Structure formats: C-alpha cells, structure tokens
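Chains as they are written, first to last, in this note's numbering: chain D, 5 to 394; chain H, 349 to 404; chain P, 402 to 608. Here is the structure we will look at, set down as structure tokens.
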Amino acid sequence: MSEKQMLYQKRLERYITAMDCGKPDMVPVAFGVGEWIAKYTGTTLQEIYYDLDKSNSIVSEMLPGLDFDIFKGGPSLWWPPMFDAMGSKLYKFPGIGVEENSTFQFNEQEYMKPEDYDEFIASPTEWLVNHYLPNISTELENPGSYRSTVALIKGAAAFAMQGGIMAQAYGKWTMDHGIVGQGTGFTKAPFDTLGDALRGMKGVLLDLRRRPEKVLAACEAITPHNVNCGLAGAGADTRFPCFAPLHRGAYPFLNPNQWNNFYWPSLKATIEGLWARGKRMLFYAEGDWTPYLDKIAELPDKSIIFQIDTTDAKKAKEILGGRFCLQGGVPTTLLTYGTPAKIKEHIKRTIDELACDGGFILDAGGVVMGDAKQENVIAMIEAAREYGVY
Amino acid sequence: MADKEKLLNPDPGVCVPWEVKLEEIGEFPGNEAIVKKEWEKLDDFAYNFIWFWAQR
Amino acid sequence: MLTDALSIAIADLEEEQVAGMVKERLASGVAPLEIVNSLQMGMAEAGNRFETGEYFLGELIMCGEIMQDSMIVLEPLLIGSNAEYKGNIVIGTVKGDIHDLGKNIVVMLLKGSGYNVIDLGVDVSKEKFIEAIKEYNAPLVGMSVLLTGCQESMKETIDAIRAAGLDTKVLIGGNYIDDLVKAHVGADYSAQAATDGVKIADEIFSA
Ligand code: B12
C-alpha cells in the first residue's frame, strides 16, 4: 500500500467511525474549497464556474499541505454550460445574468401551477418531462422542434461529461492526496422538492392552506423518487451518506402542525427508505432546527449525520448525541470576520463541548461563500488537528 | 393528436420500463438479459438527468 | 388589541371573510383608504404574532397574499385620495442577494405602522438605492442581507450613499447581522428582528 493509500484508509476509518457515533483517533475534519478561492487565485468566478478543468486544477494545487479528512467539493456547485445548453431559467450564473464575480442566483417561480398537481401525482417522471422541462428551459419551448431536440442532446451529453470529469478528479485527489469524499447521491425532503423547484416557496406555503391534500399526495408521490435519488443508482456506494440540503423545515417556516403533518412524515419516510438499503443521509439542516430535535430523534439510530448550522449545538448534542453523528461547530461568519487566533480558540471550545465522546465531525455550519478568508479556513483545519486528538 | 398516450407512471430509476419495450419488440431471438441490462442502465441515466432538474 | 372586525379577520387569515368585508364596506360607502388602514393594522398584528412566535412564515405569507388580493380591488379606487404617512422609507435587499422573505416582513410591519415604504425589491444596486433616496427624500433607508458574501456589497452601498452626500440614516437587518457587521459596513442601526426595525423607525421619525 502506498503512503497516500494508507492515509486514505486512516481518514476513511476516522470518518466511518464518527458516522457510527464512535471515537476515532482524532476528530475528523470536513473541508471544501469555496468561492472564496477566486480572490486568491486571480481568477474570476465566471472562469471557475465555466471551466471545470480550471476549477479542478485550482483544487489540486490547494490540496497538498492541507491535512483534513473529508472533502466536500470544489468551488462551483453547478456547471453552467449544461444550463446554457438547455436555456435554463433556473439560475443566473456569474458572467451571464450576473456580474463575473457575483455568486449565482436562483430564479424562483411557480414552474408548476396549482392545476398541475393531479397530473404530477399520477406520474411524476412523465410530468417532469412533458411539462416541467419545457417550463424551465427556453430551448425546449417547442418540444419536438429542432432547437428542442438539439438542446436535449447537448444537455444530456453535458450531464454525462460533467459526471465523468468530476469522477476522474475525485479519483485523482484520492490517489494523490488521500482524501475521502463526503458523500454520493443527492436528495431532498419531498416537501422541499415541491417547494424549491416546482411550486416555489410562496406557492407551497399557500397550498398548505388552499389545497393541503394535494401537497400531501405530491409529497407521497415524490418520496420513492427521493429515496432513489439519494441512493444514486443501484449498487452505489453505501459507505458514504447522500447529501440533502433541507430548507423549509427550518424554524420558523412552518407552524408545528404543518411541520408535523406536511414536512416531517415524507422526509422521515425518505430517510427510512434509504436506511433500509444501508444508505445514510447528511441531514444538512440549514438554519435553526432546535424546536424539532425531539422529532428528529425518532429516526433509526445512525441513519443521519445531523449538520448543525444555527441550531442550538448544545441541545443537538444533548438530544441527538450518541445516536447520531453531528457535523458542524464553526459558525460560517467566523470564517469571514474572525481571525486565526479567534478561530483556534473557538475550535478548542467546540471540540471540548461537542466532540468529547466521539460521533462528531468538525465543519463550517453552513455554506462557505466568497467572503471567507483563506487564512481562517486554514486555521480551522490546523486547530482541529491541534485540539482534536482523542 | 389522436388519443392521449397512456401514462406509464414509471418506477424510480426508470423512464421506459423494459417490459414495455419488450412487448413492442415481440419476437426475441437473442439473449434478453444482455439487452435488458444495458437498456436499464441508460434508462437510469435518463432518469437521473430528468430528476436532476427537479432537485436543484 | 384590535377592535375593527376587518383588521381581526385579516390578522386571523380569514381569506373569504376579508374579501366579503372589503366588498361590503365599499358598497356601504366606506372610504377605500380607511379600508386599507384597517387591513394594514391587521397585517401589523400578524407581524407581531410572528415576532412572538405565535405565527410562522406560512401565516405571514398567507396574510400578505390576502392583502395583495384586496389591493387589486382597492388600489384603483385610491387614486386621488391623500394618504397620511409618518414618512418615507426606502428598503431593499442588497446587490447579489435575492433573499426577500425577511425584508418583506419588515415592509409589511412598516406599512402597518403608517410609513410610506418604497420597496426596491432584491439584488438592488447602490445606484438604485441612491436614486430612490433622492427621489423620495427619505430620512431612512433599510437594507436586508442574508448572504455573508454580500455584506461587502452592503458596505459599498453605504459608502456610496455617504459619498453622494446623503445624510439618510441606514438601518440594516438579516440573519447574520450583528454589531461587528454593523461597524464593518458603517450602518447607523442594525436589527435582527423585524419589530426592532419598526422601533428604530419610530425613534428616527419622532425625533
Ligand atoms: C429561503 C432560503 C433561500 C431561498 C430564498 C427565497 C427567497 N425568496 O427569499 C433560495 C432557495 C432562493 C435561496 C438561495 C440561496 N441561498 Co439561501 N437560504 C434560505 C434560508 C433557508 C431561509 C432564509 C429566510 O428566508 N429566513 C426567514 C426570514 C424571515 O428570516 P430573515 O431573512 O433572517 O429575516 C428576519 C430578520 O433577519 C429581520 N430582517 C431581515 N432583513 C431585514 C432588514 C431590515 C431593515 C430589518 C430591520 C430587519 C431585517 O427580520 C426578519 C424577520 O424577523 C436560509 C437558511 C436559514 N434557515 O436561515 C438560507 C441561507 C440564507 N442561504 C444560503 C445560501 C448560501 C444560498 C445560495 C447561495 C445557495 C446555496 N449555495 O445554498 C443561494 C443564493 C441566492 C442569492 N444570490 O441570493 C446560506 C447563506 C450562507 C452564508 N454564508 O451567508 C443560508 C444561511 C443557508 C446555509 N445554512 O448555508 N436561499
């Protein structure tokens, strides 16, 4: 076994032990290269988003010398050329729609109308193809037309190309630097699938009052698909969790009654469905989930990694600790406004409070954006090693 | 359009079920399993592409 | 405590009741502006219920929707009637950021408290802020920012307002806002809760 392979094995074991709520040799640290990298590399965000090779080579240059365990990915979440090929209305990307150094923006709309519910529920995948794709893509406005057919060919090709390029990059990072990817597969709470992309935030909240039974039926119809999306295909790697950014379940979006009846049951069913196949979820609880910790504790032991953003960390530890791995501990703003010294101090305290008996992964609370300072991000990793040995 | 296409309501991971395709092919002189396996792989790819847009 | 039945109906999110009452009142000759005032008082109450934890975002958005539906009927009738406002406030979410739920709540509360709120929407450039402040001669501008990555554009906006020689007070809000951010961007006031925004506005406009 090469040195890097051994390093990989060690980190993998650390990660897996923590996920299983155990105590590894040291606290595993998660790290991602965010948009902040642009300002240190003399590249525009547009270049980073558009040129996958460039963004991957920036990551490759960054990795040597950094000692962390779990890699959360490079600076761009999406590859805009695929969206351009389809004429996607969903986002404005740096350099096209917004300035070359602005982060992307989501264009939230009711891409699904209230009257579409029945058809969607009857056959979700077919509805997406027949109505949703044409609604969100200017190139598909006339299904069957020359432009539309070409766009689909390009879009699907881009999807495959990106998948290939990224798999290759991860393979290389594993070989060269011994890092472990955080997860495989991407899914959502069924209510968020409905509320984010299909009905939009306002649409879904109004639906809760005007057509609650449709919301429930749609969430139910989405659930098996979201289990599938999380698994990322048959025979996929179940050692690693699927990523699930959770939105409308945060306090104070839904009242307790709505949360209990509309948000939670289908999310729980999704998690249980995944867990039945041995797949965990990285429960990326954006914002504050403190009021719901008791409900979350009803999940099967170890079936999630709970991400702490602005949820009360001590309460999360108290209620979920021991049964579920916790991830987080570093407030996102600290990475911008803090100093390396402040960060070290914070991490020492966090590790004392949250990591003591294992089952903990150190990470930034939320999404780290362009404002973070590199010296702070690096101080975070260093401090984790300094104070994180069990 | 003549009569509306019948809904397939495919399962997760499926766009056009192999069973539907098989029926259309009718006679099958070769090894079905080989064809089915590759059909389903590509079908799963298409499925992931479609749902990608809904899970943004 | 609300006493007006229409205010109570909208605060309680009784969609059909509100629509019915608006029609009835119009038919019986009540001034459209008075009806709008009743509705706004109810909206402000809904905002208060949000701040005390009784209401959640879903309720507030519903309340806003009922208001909007009523305004479709009322707006055309308002032309010519002179509303009495406590003053003009310009508000928007700063450049690069499109989160607007928090800002919309603040707008709702400020309107409910009798301010003329000029809502510039989301992803608002510094030029747009300055233009609106000048046009409405607004003593107060509110800025919302959720993304830490856009706090810098908030600073740029405030710098530009100062550079333009405007002495408008700047109030900032959003979930990652604290004194550190306030000092960094050079704002006059900061608030984490929407109701604090109203308190600060009252302070400024009563001075
Ligand atoms: C809803 C949401 C979205 C929606 C926005 C829909 C919309 N129309 O607003 C969508 C899906 C579009 C979205 C997109 C993105 N989001 Co977002 N989003 C959220 C979420 C889940 C909730 C925000 C919210 O509405 N809260 C409810 C409102 C009522 O609260 P509030 O805004 O804080 O407002 C209150 C107070 O702050 C105050 N207030 C607010 N403004 C003002 C102004 C004044 C003058 C005053 C007095 C008071 C005041 O009053 C309000 C009521 O009390 C948060 C996470 C969370 N749970 O907080 C992430 C979050 C804000 N998003 C985040 C990110 C990163 C993004 C994206 C970049 C995508 C991504 N990578 O995840 C894009 C960016 C788009 C863009 N360019 O702006 C991060 C930001 C991280 C950071 N470092 O800043 C967060 C924190 C999630 C996370 N944990 O990482 N998002």
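Where is the CB? At the ideal position from N, CA and C, for every residue including glycine. From a predicted model like this one, the values you see are computed outputs, not experimental measurements.
Discussion item. I'd like the list of long-range same chain contacts for residue 587 (chain P), defined as Cβ closer than 6 Å, with 5 residues on each side in sequence excluded.
Written reply: For the purposes of this step, residue 587 (chain P) is taken as residue 186 along the third sequence, with counting starting at 1. Excluding the 5 residues flanking it on each side, residue 587 (chain P) has same chain C-beta neighbours closer than 6 Å at 559, in chain order.
Fill in: Nonlocal neighbours in the same chain, by C-beta distance under 7 Å from residue 584 (chain P), ignoring five residues either side
In the third sequence, counting from the first residue as 1, residue 584 (chain P) sits at position 183. The answer is none, since no qualifying residue turns up.
Item to complete: Kindly indicate which residue of D:94, D:127, D:115, D:253 has the alpha-carbon position closest to the one of residue 354 (chain H).
Response: As a position in the second sequence, residue 354 (chain H) is number 6, starting the count at 1. The shortest C-alpha separation from residue 354 (chain H) is found at D:127.
Fill in: For residue 153 (chain D), the first and last residue of its enclosing alpha helix (DSSP H)
Counted from its first residue, the first sequence places residue 153 (chain D) at position 149. Per DSSP, residue 153 (chain D) belongs to the alpha helix (DSSP H) from 150–181.
Discussion item. Quick test of your reading: residue 509 (chain P) and residue 444 (chain P), contact by CB under 8 Å. State the CB separation rounded to the nearest angstrom.
Written reply: Stepping through the third sequence from its first residue, residue 509 (chain P) is reached at position 108. Stepping through the third sequence from its first residue, residue 444 (chain P) is reached at position 43. Rounded to the nearest angstrom, the Cβ distance from residue 509 (chain P) to residue 444 (chain P) is 5 Å, consistent with a contact under 8 Å.
Worksheet item: Quick one: Cα of residue 184 (chain D) to Cα of residue 10 (chain D), how far?
Response: Along the first sequence, read from residue 1 onward, the residue named residue 184 (chain D) stands at position 180. Along the first sequence, read from residue 1 onward, the residue named residue 10 (chain D) stands at position 6. A direct Cα-Cα distance of roughly 12 Å separates residue 184 (chain D) from residue 10 (chain D).
Worksheet item: Which whole runs of the alpha helix (DSSP H) in the region 472–526 of chain P are 4 residues long or more, in chain order?
Response: 502–513
Discussion item. What would DSSP say about residue 402 (chain P), mapped onto helix, strand or coil?
Written reply: Translated into positions along the third sequence, residue 402 (chain P) becomes position 1. In the structure shown, residue 402 (chain P) sits in coil (DSSP, three-state: anything other than H, G, I, E or B).
Worksheet entry | Which of helix, strand or coil DSSP assigns to residue 573 (chain P) | Position 172 of the third sequence holds residue 573 (chain P). DSSP places residue 573 (chain P) in strand when its eight states are reduced to three.
Worksheet item: In whole angstroms, what separates the C-alpha of residue 552 (chain P) from that of residue 386 (chain H)?
Response: Along the third sequence, read from residue 1 onward, the residue named residue 552 (chain P) stands at position 151. Along the second sequence, read from residue 1 onward, the residue named residue 386 (chain H) stands at position 38. Going from the Cα of residue 552 (chain P) to the Cα of residue 386 (chain H) covers about 51 Å.
Fill in: Among D:337, D:286, D:251, D:120, the one whose alpha carbon lies nearest that of residue 331 (chain D)
Locating residue 331 (chain D) in the first sequence gives position 327, counting from the first residue. Comparing Cα positions, the closest option is D:286.
Worksheet item: Leaving out five residues before and five after residue 545 (chain P) in sequence, what residues of the same chain have Cβ atoms less than 8 Å from its Cβ?
Response: Residue numbering aside, residue 545 (chain P) sits at position 144 when the third sequence is read from its first letter. Counting only Cβ-Cβ distances below 8 Å, and skipping sequence neighbours, we find 492, 493, 494, 495, 498, 500, 501, 503, 504, 507, 573, 574, 575.
Worksheet entry | Three-state secondary structure (DSSP) of residue 431 (chain P) | Within the third sequence, the letter at position 30 stands for residue 431 (chain P). Note: residue 431 (chain P) maps to coil in three-state DSSP.
Worksheet entry | Contact test: residue 504 (chain P) Cβ vs ligand 1 heavy atom, cutoff 7 Å | In the third sequence, counting from the first residue as 1, residue 504 (chain P) sits at position 103. Result yes, Cβ under 7 Å from ligand 1.
Worksheet entry | chain D contact residues for residue 397 (chain H), given Cβ-Cβ distances below 8 Å | Stepping through the second sequence from its first residue, residue 397 (chain H) is reached at position 49. Near residue 397 (chain H) (Cβ distances below 8 Å), the residues of chain D are 159, 160, 163.
Discussion item. Which same chain residues end up closer than 6 Å to residue 279 (chain D) when comparing Cβ atoms and leaving out the 5 residues on each side of it in sequence?
Written reply: Numbered from 1 along the first sequence, position 275 holds the residue referred to as residue 279 (chain D). Cβ within range, chain order: 304, 307.
Worksheet item: Is there at least one Cβ from chain D nearer than 8 Å to residue 356 (chain H)'s Cβ?
Response: The residue labelled residue 356 (chain H) in the question sits at position 8 within the second sequence. Closer than 8 Å to some Cβ of chain D, the Cβ of residue 356 (chain H) qualifies, so yes.
Fill in: Residues that residue 232 (chain D) contacts on chain H, provided the C-beta gap is smaller than 7 Å
Position 228 of the first sequence, counted from the first residue, corresponds to residue 232 (chain D). The contacting residues are 360, 361.
Item to complete: May I ask you to list, following chain order, the residues of the region 102–122 of chain D that have a beta carbon less than 8 Å from some beta carbon of chain H?
Response: 110
Practice prompt. Can you say whether residue 190 (chain D) is buried or exposed, counting buried as having 16 or more other CB atoms within 10 angstroms of its CB?
Written response: Translated into the one-based positions of the first sequence, residue 190 (chain D) becomes position 186. By the neighbour-count rule (16 or more Cβ atoms within 10 Å), residue 190 (chain D) is buried.
Item to complete: Answer with yes or no whether the minimum CB distance from residue 552 (chain P) to chain D is below 8 Å.
Response: Here the question's residue 552 (chain P) lines up with position 151 in the third sequence. Chain D contact via Cβ: present.
Practice prompt. With distances taken Cα to Cα, identify the nearest neighbour of residue 36 (chain D) among D:70, D:57, D:22.
Written response: Locating residue 36 (chain D) in the first sequence gives position 32, counting from the first residue. Here the closest residue by C-alpha is D:70.
Worksheet entry | Under 8 Å by beta carbon: chain D residues contacting residue 344 (chain P) | Residue 344 (chain P) cannot be examined here, being either before or after the span of chain P that is shown, 402 to 608.
Worksheet item: Does the distance from the C-beta atom of residue 565 (chain P) to that of residue 531 (chain P) stay below 8 Å?
Response: Here residue 565 (chain P) corresponds to residue number 164 of the third sequence, with the count starting at 1. Here residue 531 (chain P) corresponds to residue number 130 of the third sequence, with the count starting at 1. Yes. Within cutoff.
Item to complete: Check the Cβ of residue 402 (chain H) against every Cβ in chain D and list those closer than 7 Å, keeping chain order.
Response: For the purposes of this step, residue 402 (chain H) is taken as residue 54 along the second sequence, with counting starting at 1. Neighbours of residue 402 (chain H) on chain D, chain order: 132, 136, 197, 201, 202.
Practice prompt. Evaluate residue 473 (chain P) with the Cβ neighbour count: other Cβ atoms within 10 Å of its Cβ, from every protein chain shown; 16 or more gives buried, anything less gives exposed.
Written response: Locating residue 473 (chain P) in the third sequence gives position 72, counting from the first residue. Looking at its Cβ environment, which holds fewer than 16 other Cβ atoms inside 10 Å, residue 473 (chain P) is exposed.
Worksheet item: Which residues mark the beginning and the end of the alpha helix (DSSP H) in which residue 223 (chain D) is found?
Response: For this step, residue 223 (chain D) is matched to residue 219 along the first sequence. Taken as a continuous stretch (DSSP letters only), the alpha helix (DSSP H) holding residue 223 (chain D) covers 216–235.
Worksheet entry | Cβ of residue 211 (chain D) within 8 Å of any chain P Cβ | Residue 211 (chain D) sits at position 207 when you count from the first residue of the first sequence. It does not: the Cβ of residue 211 (chain D) has no partner Cβ on chain P nearer than 8 Å.
Worksheet item: Does any heavy atom of ligand 1 sit closer than 7 Å to the C-beta of residue 116 (chain D)?
Response: In the first sequence, the residue the question calls residue 116 (chain D) occupies position 112. Outside the cutoff, so no.
Discussion item. Is residue 350 (chain H) close to chain D? Criterion is C-beta to C-beta, closer than 8 Å.
Written reply: By 1-based counting over the second sequence, the position of residue 350 (chain H) is 2. No answer about residue 350 (chain H) holds up, because its pLDDT of 38 lies below 50 and its placement is not dependable.
Worksheet item: In the DSSP assignment, what residue or residues form a beta bridge with residue 74 (chain D)?
Response: Taking the first sequence and counting its residues from 1, one reaches residue 74 (chain D) at position 70. Looking at the DSSP assignment, residue 74 (chain D) forms a beta bridge with D:34, D:184.
Item to complete: Could you name the residues of the region 358–377 of chain D whose beta carbon sits closer than 7 Å to any beta carbon of chain P, in the order they occur along the chain?
Response: 373, 374, 375
Item to complete: Under 6 Å Cβ to Cβ from residue 570 (chain P), same chain only, skipping five residues before and after it: list those, please.
Response: Your numbering for residue 570 (chain P) matches position 169 in the third sequence. Hits under 6 Å: 541, 589, 605.
Worksheet item: If you measure from the CB of residue 593 (chain P), is any heavy atom of ligand 1 nearer than 7 Å?
Response: Position 192 of the third sequence holds residue 593 (chain P). Correct: residue 593 (chain P) has its Cβ closer than 7 Å to ligand 1.
Discussion item. Does the distance between the C-beta of residue 172 (chain D) and the nearest non-hydrogen atom of ligand 1 fall short of 7 Å?
Written reply: One-based indexing of the first sequence puts residue 172 (chain D) at position 168. For ligand 1, not one heavy atom lies less than 7 Å from the Cβ of residue 172 (chain D).
Fill in: For residue 358 (chain H), the nearest candidate out of D:44, D:117, D:32, D:133 (CA to CA)
By 1-based counting over the second sequence, the position of residue 358 (chain H) is 10. The shortest Cα separation from residue 358 (chain H) among D:44, D:117, D:32, D:133 belongs to D:133.
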